[in-house]
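Residue numbers (mature numbering (1 follows the signal peptide of the UniProt record, and there is no 0)): -31 to -1, 1 to 539. Reviewing the structure listed below.
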Amino acid sequence: MRRTPWQRRGGLLAVLVLALSALLPVGRAEAAGPAAGFVHPAGPVHPAECAREGAFNDLGPVLSTLTLMRGVLGTRAGRPVWYSVVAGDDARINVVDALTRELVTTTPMRGAAGAWALTVASDGRLYVGTYNSGRFYRFDPANDQLTDLGQPVPEESFVYGLSIGPDGTVYGGTYPHGHAFAYHPTSGVTDIGEVSPGHRYARATAYNPDHHQLFVGLPGPATLVRIDLATGTRTTVDAGLASLGTLDDLGLDYAGGRVFVYGGGALAVVDAVTSARRTLVDGSTGAGVATYPMDSRGVSPVSPDGAAVYLTSGSALRRYDLAADRIDPVVPAAGTPAVDGPAIGYGWIDGALYGLAGNYRGRGFTYDPGTRRLDRYTLAFAPAPVQLAQLTTGPDGAVYVSAYINGQLARYDPATGRITAQPRLGQVEGWHWRDAAMYAGIYPYGAVLARHTLFTGPTTANDGELLLGRDERIHVQAGGRLFEVDLWCRRVTQIGTGLLFRLTAGHAGDFYSLLRTADSTVPNRLARYVPPPRGPVGLTADRDALAVALRDLPVQTRPPHAAVHADEVG
């Protein structure tokens, strides 16, 4: 998980964002963002009100969005409910009735921006691991009481990958020092320590009840560590997981004596006893494969008959037969197996699989293996106030703001006090205006999006991606070799007749700059930029200074923690 806007930006922007970051009233899940034509309750900005030097005019509500990272099924007052955390300022635990699909209650977690980690213990209580505060919470559905259990590991800002043991012990991982920990309601927290030297993310855990072992997943070069909880012995599982590539995200599940390892859009399965990779059978072709395409955040709990788990691939349901290690498409009695996005949570109710799909619309599904009926629907998760990641002033004099992670965009007109929704771009990392068009650098897929119709309505054929694709890869020629680099787009700046794109790679914290000019005879340049301690993190927009910087910075042949493929150029 990446740093927050507050960790990345200077004090002045933080003050401006804070001045803008109060929120819209909560509405239904579909209403993520301001309604078109919404008139700001503060009214238009009057210069006389801001005449005094240093005065700020609180603009009040700007954006409210729906962003769900994970979901887990539990029980409240004898009824099945979904638990999920809606990301934002003071992220909120939402409890939604799984059958009526209505919102039951919301509970804010003060200071938390969101949560990647949720699990339900055998006593029915919910545990939540949050970011950026790195705090650990327990929610009791018997009385809707939230208990702040503190930071399980001091100085850690993210809690990841919660899993549960049969005695009620909760296990998890942390960032930025890569610790694992255990929490028991009676004895409290035990810091298991740094999982593997050099790994800052302990991104996922999976408890093996058959051997009292804890598996911990570490991203970067995909690494799996097994911890014997009785002896403390740690073993790096050599199961060829490097084939998954360099990952920002890595997840684990345990079922049927197997550790399900997923990340980078692929699933690998490791035998929990022998540590060997299991060969998977692609049911569509009958072929044995080492990995299988998977976009869901985990696999489902084991089905009531003990035969299978479920996952999504291409946002369509798949069934994993545990006896045969075979993965087959689900074939519903009617319609297609597609759900409304990658699955982010599952649970079983009366023999039917319930799931949450996608991050931004609160969509759910129910699949009954007996009747093969698949239903899709919306659940009433409540949008939450959000952090604002970026703001810019357009050539029309309006202020544009984007929501952190969610990427919802809004336009505020200072002359009228009117806020209007704009097309969602994705998580904006930087933007630049040129000829009344906006160019926005988008995380995580390294795309630069061009928007020509922000002021006038729907997008047109002129809108779209510029230079970089959505597959997180760019191609640059340097030193007689062609490099394909997995990067995230960060900044967009006009330099003479061209555009400068600043990017960052993986977990290294290094910056790279790609200069693309309108003159096709001028070669693209990829340069590494390591900012000085406490110094600026951006290259100057001055053309001469930029030329010096690109001249002096060596071209990297293998940026650390970024996948690079080189082929000779003819």
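A virtual CB, placed ideally from N, CA and C, is assigned to each residue, including glycine. All of these numbers come straight from a predicted model, not from anything done at the bench.
> Do the segment 392 to 408 and the segment 92 to 101 meet, that is, are 3 or more Cβ pairs less than 8 Å apart?
Replying inline: Touching, no, given that fewer than three Cβ pairs across the two stretches are closer than 8 Å.
>> The beta strand (DSSP E) that contains Asp240, what's its start and end?
In response: If you look at Asp240, you'll find it in the beta strand (DSSP E) that goes Ala235 to Asp240.
> Tell me which same chain residues have a C-beta within less than 6 Å of the C-beta of Gly327, skipping the five on either side of it?
Replying inline: Excluding sequence neighbours, Gly327 sits near Asp309 and Gly310.
> Among Asp365, Leu360, Val41 and His168, which residue has its Cα nearest to the Cα of Ala400?
Replying inline: For the sequence presented, residue 400 should be read as Trp rather than Ala. Of the candidates Asp365, Leu360, Val41 and His168, the one whose C-alpha sits nearest the C-alpha of Trp400 is Leu360.
> Would you call the CB atoms of Ala149 and Val185 closer than 8 Å?
Replying inline: Yes, the pair counts as a contact, with Cβ atoms nearer than the cut-off.
> Based on Cα-Cα distance, which residue from Ala173, Gly314 and Val242 lies nearest to Asp217?
Replying inline: In terms of Cα proximity to Asp217, the closest of Ala173, Gly314 and Val242 is Ala173.
>> Quick check on Ser212: does DSSP put it in helix, strand or coil?
In response: Reduced to three states, the DSSP call for Ser212 is helix.
> Who are the near neighbours of residue 558 in its chain, counting only those whose CB is closer than 6 Å to its CB and skipping five residues on each side?
Replying inline: Since the first residue shown for the chain is -31 and the last is 539, residue 558 is missing from the structure and cannot be characterised.
> So, is Ile318 buried or exposed, given that buried needs 16 or more other C-beta atoms within 10 angstroms?
Replying inline: By the neighbour-count criterion, in which a residue is buried when 16 or more other Cβ atoms sit within 10 angstroms of its Cβ, Ile318 is exposed.
>> On a Cα-Cα basis, can you pick out the residue from Ala199, Leu193 and Tyr223 that is closest to Ser212?
In response: Here the closest residue by C-alpha is Leu193.
> Going by beta carbon distance, what residues of the same chain come within less than 8 Å of Trp402, once the five residues before and after it are set aside?
Replying inline: The beta carbon of Trp402 sits closer than 8 Å to those of Thr361, Gly363, Pro364 and Tyr408, all from its chain and outside the five residues before and after it, given in chain order.
>> By DSSP's criteria, Leu198 is part of a beta bridge. Which residues make up the other side?
In response: According to DSSP, which records beta bridges pairwise, Leu198 is partnered with nothing at all.
>> Does the contact criterion of 3 or more C-beta pairs under 8 Å hold for the segment 136 to 144 versus the segment 223 to 242?
In response: Output reads no: the segment 223 to 242 does not touch the segment 136 to 144.
>> At the level of alpha carbons, what is the spacing between Asn431 and Asp404?
In response: Reliability of the predicted coordinates at Asn431 is poor, the pLDDT of 41 falling under 50, and the value obtained from them is presented with this limitation in mind. Looking at the two C-alpha atoms, the distance is approximately 13 Å.
> Which full runs of the beta strand (DSSP E) of 3+ residues lie inside the segment 262 to 323, going along the chain?
Replying inline: Whole beta strand (DSSP E) segments, 3+ residues: 277 to 282, 285 to 290, 295 to 298 and 312 to 318.
> Pick from His181, Tyr100 and His153: whose alpha carbon is nearest that of Tyr144?
Replying inline: Nearest in C-alpha terms to Tyr144, of all of His181, Tyr100 and His153, is Tyr100.
>> I need the boundaries of the beta strand (DSSP E) containing Tyr106, first residue and last residue.
In response: Unbroken beta strand (DSSP E) run through Tyr106: Phe105 to Asp109.
>> Three or more C-beta pairs under 8 Å: does that hold for the segment 122 to 131 against the segment 65 to 73?
In response: No, they do not touch.
> So, helix, strand or coil for Ala224, using DSSP?
Replying inline: Here DSSP, grouped into helix, strand and coil, assigns Ala224 to strand.
> So what does Asn177 bridge to, in DSSP terms?
Replying inline: DSSP, once it has assigned bridges, lists Gln182 as partnering Asn177.
>> Between Ala256, Ser53 and Arg330, which has its C-alpha nearest Asp297's C-alpha?
In response: Selected option, being the one with the closest Cα: Ala256.
>> Check for me: the beta strand (DSSP E) holding Asp382 runs from which residue to which?
In response: Bounds of the beta strand (DSSP E) holding Asp382 are Leu378 to Asp382.
> Under 8 Å, do Ala56 and Met78 count as touching if we go by C-beta distance?
Replying inline: Contact flag unset, no.
> Closest by CA to Tyr106, which one among Val73, Glu124 and Gly141?
Replying inline: Gly141 is the residue among Val73, Glu124 and Gly141 whose C-alpha sits nearest the C-alpha of Tyr106.
> Skipping 5 residues on each side, what residues in its chain have a beta carbon closer than 6 Å to that of Asp337?
Replying inline: Same-chain partners within the cutoff: Ala321.
> For Ser244, which three-state DSSP category applies?
Replying inline: Coil, per DSSP.
>> Could you compute how far the alpha carbon of Ala46 sits from the alpha carbon of Arg266?
In response: Roughly 28 Å separates the two Cα atoms.
> Among Val73, Val250 and Glu398, which one has its Cα closest to the Cα of Arg287?
Replying inline: For Arg287, the nearest C-alpha among the options comes from Val250.
>> Please return the same chain residues whose Cβ sits closer than 6 Å to the Cβ of Gly252, not counting the five positions on each side in sequence.
In response: Apart from sequence neighbours up to five positions away, the residues of its chain that approach Gly252 with a beta-carbon distance below 6 Å are Arg295, Ile296 and Asp297, ordered along the chain.
>> Taking 8 Å as the threshold (C-beta atoms), are Thr243 and Asp264 in contact?
In response: No, these two residues do not count as a Cβ contact at 8 Å.
>> Suppose contacts are defined by Cβ-Cβ distances below 8 Å. Is Ala277 in contact with Ala307 by that definition?
In response: Contact: no.
> Going by Cα to Cα distance, which pick from Ala235, Pro270 and Ser269 is closest to Gly283?
Replying inline: Selected option, being the one with the closest Cα: Ala235.
> Anyone know if the C-beta pair for Gly232 and Ala191 falls short of 8 Å?
Replying inline: Yes, these two residues count as a Cβ contact at 8 Å.
> With 16 other CB atoms within 10 Å as the buried threshold, where does Gly40 fall?
Replying inline: Its Cβ being crowded by 16 or more others within 10 Å, Gly40 is buried.
>> So, under 8 Å CB-CB, Tyr152 and Pro121 are touching, yes? Tell me the CB distance rounded to an integer number of Å.
In response: A Cβ-Cβ separation of about 6 Å places Tyr152 in contact with Pro121 under the 8 Å criterion.
>> Using beta carbons (cut-off 8 Å, strictly below), is Val230 in contact with chain C?
In response: Absent from the structure: chain C. Only one protein chain is present.
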